[in-house]
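Colleague:
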Amino acid sequence: MIIATAGHVDHGKTLLVHSLTGIETDRLEEEKDRGLTIDLGFAYIDDELGGRLGFVDVPGHIKFINNMLAGVGAIDYALLVIAADDGPMPQTMEHLAILDQLGISRGAVALTKIDRVDSSRLEQVRMEVTDILNQTSLADADVFPLSSITGEGIDDLKTTLCLTASEIDSRPGNGHFRLAIDRCFSVKGSGLVVTGSIFSGEVSEGDEVYLVPQGEALRVRGIHTQNQAASHATIGDRCAINLAGHNLRRENISRGNWLTSNPHHEASSRFDMLLKVLASESKPLANWTPVHVHTAANHVTGRVAVLEDTRINPNESGLVQVVLKEAINICMGDRVILRDQGAIRTIAGGTIVSPYSPLRGRARPARLELLRQCVDLESHQALEVLLVHATLGLTNTECINALNMKPSEVHTCASKLEVEFLNETIISRQHLEKLEQDLVAKFDQWHEKNPQTTGLSQNQIAKLLPGRCSFVDALVERLVSDEKLVKTGNTLQRPGFSSQLSAEVQALWNEVEPILSRSQTKPPVLHDLAEQLSVPPKTLEKSLNACVQSSLLIRPVKNRYFTPAAIQELCMLLFEAAGGADFTVKQYRDVTGIGRNLAIEILEYFDRRRITQRLGDTRKILIERNSTPRGQ
1411 MIIATAGHVD HGKTLLVHSL TGIETDRLEE EKDRGLTIDL GFAYIDDELG GRLGFVDVPG
1471 HIKFINNMLA GVGAIDYALL VIAADDGPMP QTMEHLAILD QLGISRGAVA LTKIDRVDSS
1531 RLEQVRMEVT DILNQTSLAD ADVFPLSSIT GEGIDDLKTT LCLTASEIDS RPGNGHFRLA
1591 IDRCFSVKGS GLVVTGSIFS GEVSEGDEVY LVPQGEALRV RGIHTQNQAA SHATIGDRCA
1651 INLAGHNLRR ENISRGNWLT SNPHHEASSR FDMLLKVLAS ESKPLANWTP VHVHTAANHV
1711 TGRVAVLEDT RINPNESGLV QVVLKEAINI CMGDRVILRD QGAIRTIAGG TIVSPYSPLR
1771 GRARPARLEL LRQCVDLESH QALEVLLVHA TLGLTNTECI NALNMKPSEV HTCASKLEVE
1831 FLNETIISRQ HLEKLEQDLV AKFDQWHEKN PQTTGLSQNQ IAKLLPGRCS FVDALVERLV
1891 SDEKLVKTGN TLQRPGFSSQ LSAEVQALWN EVEPILSRSQ TKPPVLHDLA EQLSVPPKTL
1951 EKSLNACVQS SLLIRPVKNR YFTPAAIQEL CMLLFEAAGG ADFTVKQYRD VTGIGRNLAI
2011 EILEYFDRRR ITQRLGDTRK ILIERNSTPR GQ
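Shown next as structure tokens:
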């Protein structure tokens, strides 16, 4: 069980941890000289019931609240320390508010320095403590009067901590491994070590992990949990990890970075959350208020956009979007603390509902309704809600990043729902059927308006679908399999449809087709063809473009039209020119016999269609032999 102290400066937090563990947590020379905790300190002991207690000693001074916030992000238990002679003080109240906003409900109050007060003062402070705990997550916390000097009450507190630790169930290690880094240092003979709290998942020696936001892939060389060597660590553990990696340097890692097992990790600079303004605030939180943002060990600045109104009153909650100055690693369900622009006081806190917020339309009614439905949901519940609202489905990566789910967890969860898997996208059957119906209707409309065309290409189909559709190919395959669409060459059409050229174009085509078929890979240029047919060039061009739309011709260059058979032959000649290697324009020209300028134009057409790729003065072939050129 990981226990964090909290409370006002000089109320005896560090001395209490020493009394419980025998360990001095102030490690910095400045801390020892000043008798003041500045950064996080750590201590561990084996308890009487066979468990292990870990203590995070946090600073109480207002100047070091950032360090305090970095230490309490993933704890199991809070130990609020209040001196009996002083009673609750400003940092007592702020630390209590932070614990409340983080949703920490397990805890106790250590009423220290009772050797300095009489019984009436002790009772008075007890009543004050009970009063301030009301309406917070620690309302049911026990109060332990004690003295770290005389030892009175220490054993009672220690016994309670041991019993509580034995009753806490281990949390499931679902989701990707995520460790919030709060320290980084080098150990002679071992190399670089980072420490932090594991927020989700689990990690083992030899695992590959990623440093976020840097994105560098690293290897886990060794693990310590609760200050003991281990081969494995899981959610809730305080953990030290010995890392190995290419160009791994201490100066490139800082507090607020993360280690994660998610290779698709993506930092976010805007997120939506349900925010509660502290009751102690003297005025409402206004729209676009500048704030300091704390989540886990992260500390960045940003602004708050109020979504449901123009402000949120003290002791009230509302949906907001937080826009950050720099991107950080976050997931749905992460807790957030906001402090004022001057970083003087804590003003609000809450839970992330959506870690990747839209730039536009953030306050649309439909989006606000989605956010309300996702509040306080577990990942699998949120996935179901998101799929109901996602008319174009969700990609695996979106689910993995936003909900912190492994691919196998996404698949297992989604398989229990009424969904279909299309490529890397999960979509509800209801939304998929609607997409199919709409697309078929648009095909019918297209055929009615464009009877001269054979159908639509994949690119044209993608433009008919709403927004960003990532599964056009799979959707088309379903419709072809269900015989709702028919594939003809590079286009698709409705079953039974037959393209119809106008009488004028058909008559001209009857004259053009024999000429182009005879010329094959060397068709005449447009002007010469018009002269040969005694037709104005613009009239001929318009008619030939109609033939292109009907897939009768292909126009790879500006002033020439080719039959599909001619393009197929030119494509096959690529392999003869290449001979199994890269090839030059000259080699292709010699094989085709079409002249240098036309050879260059044809090769540039093949480049655009991803049939070939130019590499300086040579090209390589990207398709297999006998493949049909893609597109027109």
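According to the working numbering, the stretch in the sequence shown is residues 1411 to 2042, in order.
Note that beta-carbon positions come from the ideal geometry of N, C-alpha and C, so glycine has one too.
So what does DSSP say about residue 1480, is it helix, strand or coil?
Modeller: Of the three classes helix, strand and coil, the one that applies to residue 1480 here is helix, per DSSP.
Colleague: Using only alpha-carbon positions, find the residue among 1546, 1755, 1731 and 1412 that is nearest to residue 1769.
Modeller: It is 1731.
Colleague: Just to check my reading of the structure: residue 1495 and residue 1516 have Cβ atoms closer than 8 Å, yes? What is that Cβ distance to the nearest angstrom?
Modeller: The Cβ separation is near 27 Å, so there is no contact.
Colleague: Going by DSSP in three states, residue 1683 sits in which element: helix, strand or coil?
Modeller: Strand.
Colleague: Can residue 1490 and residue 1599 be called in contact, C-beta distance under 8 Å?
Modeller: It is not a contact, given that the beta carbons lie outside the stated cut-off.
Colleague: Excluding five sequence neighbours on each side, which residues of the same chain lie with their C-beta closer than 6 Å to the C-beta of residue 1997?
Modeller: So the qualifying residues of the chain are 1987.
Colleague: Can you give me the C-alpha to C-alpha distance between residue 1637 and residue 1667, rounded to a whole angstrom?
Modeller: Cα-Cα distance, rounded: 21 Å.
Colleague: Go ahead and label residue 1948 buried or exposed: buried means 16 or more other beta carbons lie within 10 angstroms of its beta carbon, across all protein chains shown.
Modeller: Counting Cβ neighbours within 10 Å, residue 1948 comes out exposed, since fewer than 16 surround it.
Colleague: Please determine if the segment 1679–1699 and the segment 1718–1734 are in contact, where contact requires at least 3 C-beta pairs separated by less than 8 Å.
Modeller: Enough Cβ pairs lie closer than 8 Å, so yes.
Colleague: DSSP three-state label for residue 1781, please.
Modeller: Note: residue 1781 maps to helix in three-state DSSP.
Colleague: If you count every other CB in all the chains shown that lies within 10 Å of the CB of residue 1498, and 16 or more means buried, which is it?
Modeller: Buried.
Colleague: What is the DSSP secondary structure of residue 1747, reduced to helix, strand or coil?
Modeller: It is a strand residue.
Colleague: Tell me where the alpha helix (DSSP H) around residue 1560 begins and ends.
Modeller: That residue, residue 1560, is in no alpha helix (DSSP H); it is neither H nor E in DSSP.
Colleague: Excluding sequence positions up to five away, which residues of its chain have a Cβ less than 7 Å from the Cβ of residue 1547?
Modeller: The answer, listed in chain order, is 1509, 1510, 1513, 1514 and 1515.
Colleague: Which residues in the same chain have their Cβ closer than 7 Å to the Cβ of residue 1734, if we skip the five residues on either side of it in sequence?
Modeller: Hits under 7 Å: 1679, 1680, 1703, 1710 and 1712.
Colleague: Across the segment 1865–1878 and the segment 1837–1856, are there enough close Cβ pairs to call them in contact, namely three or more that are closer than 8 Å?
Modeller: Touching, yes.
Colleague: Under a three-way DSSP split, which group does residue 1459 fall into?
Modeller: The answer is coil: DSSP assigns residue 1459 none of H, G, I, E or B.
Colleague: With a floor of 3 residues, list each beta strand (DSSP E) that falls wholly inside the segment 1694–1774, ordered by position along the chain.
Modeller: Taking only runs of at least 3 residues, the beta strand (DSSP E) segments lying wholly in the segment 1694–1774 are 1699–1705, 1708–1716, 1727–1738, 1745–1749 and 1756–1764.
Colleague: Can you give me the Cβ contacts of residue 1628 inside the same chain, cut-off strictly under 8 Å, excluding the 5 residues immediately before and after it?
Modeller: Cβ within range, chain order: 1618, 1619, 1620, 1621, 1653, 1654, 1655, 1658 and 1669.
Colleague: Considering only C-alpha positions, which residue in the set 1632, 2031, 1749 and 1413 is nearest to residue 1358?
Modeller: Lying before the first or after the last residue shown, residue 1358 is absent from the chain, which here runs from 1411 to 2042.
Colleague: Check whether the Cβ atoms of residue 1962 and residue 1950 sit closer than 8 Å, and answer yes or no.
Modeller: No; because the gap between Cβ atoms is not below 8 Å, this pair is not in contact.
Colleague: First and last residue of the alpha helix (DSSP H) that includes residue 1624?
Modeller: Run containing residue 1624: none; DSSP gives neither H nor E here.
Colleague: Considering only C-alpha positions, which residue in the set 1762, 1787, 1612 and 1818 is nearest to residue 1645?
Modeller: Selected option, being the one with the closest Cα: 1612.
Colleague: Roughly how far, in whole angstroms, is the beta-carbon of residue 1422 from the beta-carbon of residue 1522, given that I think they are within contact range, below 8 Å?
Modeller: Rounded, the Cβ-Cβ distance is 4 Å, consistent with contact.
Colleague: Can you give me the C-alpha to C-alpha distance between residue 2041 and residue 1483, rounded to a whole angstrom?
Modeller: At residue 2041, the pLDDT of 47 sits below 50, so the modelled position is not reliable and the matter cannot be decided from this model.
Colleague: For residue 1434, which residues of its own chain have a beta-carbon under 7 Å away from its beta-carbon, when the five flanking residues on both sides are left out?
Modeller: If we look at residue 1434 and ignore the five residues flanking it on each side, its Cβ neighbours are 1428.
Colleague: DSSP three-state label for residue 1942, please.
Modeller: In the structure shown, residue 1942 sits in a helix (DSSP, three-state: H, G or I).
Colleague: For the segment 1797–1805 against the segment 1824–1843, do three or more pairs of beta-carbon atoms, one drawn from each stretch, fall closer than 8 Å, so that the two count as touching?
Modeller: Yes, they touch.
Colleague: Counting only the same chain and skipping the five closest in sequence on each side, list residues whose C-beta sits under 8 Å from that of residue 1461.
Modeller: Around residue 1461: 1411, 1572, 1575 and 1576.
Colleague: Considering only C-alpha positions, which residue in the set 1640, 1887 and 1954 is nearest to residue 1920?
Modeller: Checking every option, the nearest Cα to that of residue 1920 belongs to 1954.
Colleague: Can you find a heavy atom of the ligand NAP that lies under 7 Å from the Cβ of residue 1867?
Modeller: With respect to small molecules bound, the structure shown includes none, and the ligand NAP cannot be examined in it.
Colleague: Kindly list the residues whose CB is nearer than 6 Å to the CB of residue 1552, restricted to its own chain and excluding five residues on each side of it in sequence; keep chain order.
Modeller: 1518, listed in sequence order.
Colleague: Using C-beta distances below 7 Å, list every residue in its chain close to residue 1842, excluding the 5 sequence neighbours before and after it, in chain order.
Modeller: Here the set comprises 1830.
Colleague: When burial is assigned at 16 or more other CB atoms within 10 Å of the CB, is residue 2045 buried or exposed?
Modeller: Since the first residue of the chain shown is 1411 and the last is 2042, residue 2045 is not available in this structure.
Colleague: To the nearest angstrom, report how far apart residue 1897 and residue 1866 are at their CA atoms.
Modeller: For residue 1897 and residue 1866, the distance between alpha carbons rounds to 10 Å.
Colleague: Which runs of the alpha helix (DSSP H) spanning at least 4 residues fall entirely within the segment 1924–2009, listed in chain order?
Modeller: Qualifying alpha helix (DSSP H) stretches, in chain order: 1936–1943, 1947–1959, 1974–1988 and 1995–2002.
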